[in-house]
Amino acid sequence: MSQAEFDKAAEEVKHLKTKPADDEMLFIYSHYKQATVGDINTERPGMLDLKGKAKWDAWNELKGTSKEDAVKAYIDKVEELKKKYGI
22 MSQAEFDKAA EEVKHLKTKP ADDEMLFIYS HYKQATVGDI NTERPGMLDL
72 KGKAKWDAWN ELKGTSKEDA VKAYIDKVEE LKKKYGI
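One point on numbering: in the numbering used here, the residue at position 65 of the sequence shown is 86, and numbering is uninterrupted.
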């Protein structure tokens, strides 16, 4: 998977006709962060930041995943969401 394919998928996911479900959004977020930043490098948000904690936890679960694997999973998921929700 190339950087161009990843960039295209990152743009296309913003234009889905319907917003994906929360679990799908967490998958997209966590794999994007793993592909672009690598292993998580921030402290876990406080207990009142439920959305922030969910995002942090999803990204943290990918610790050790290679950039290439994260990019491939991200692109595959965006393609799946495009078929499911339209673009």
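Yeah, the Cβ is synthetic: ideal placement off N, Cα and C, and Gly gets one too.
- request: With distances taken Cα to Cα, identify the nearest neighbour of Val92 among Glu101, Lys84 and Gln55.
  value: Gln55
query: Under a three-way DSSP split, which group does Ser51 fall into?
result: helix
field: Straight-line gap, Ser23 to Gly67 (C-alpha atoms, nearest Å)
entry: 36 angstroms
task: Quick one: residues in its chain with C-beta nearer than 6 angstroms to the C-beta of Pro41, no 5 flanking neighbours on either side, listed in chain order?
output: Leu102
task: Answer yes or no: do His109 and Ile96 have a C-beta to C-beta separation smaller than 9 angstroms?
output: With the chain running from 22 to 108 in the structure shown, residue 109 is simply not present.
query: Using a Cβ-Cβ cut-off of 6 angstroms (strictly less than) and excluding sequence neighbours within five positions of His127, which residues of its own chain qualify?
result: No statement about residue 127 is possible, as the shown extent of the chain runs from 22 to 108 and does not include it.
message: Which residue wins for smallest C-alpha separation from Lys29, given the options Glu100, Lys76 and Asn62?
response: Glu100
task: Identify whether Met46 lies in helix, strand or coil by the three-state DSSP scheme.
output: helix
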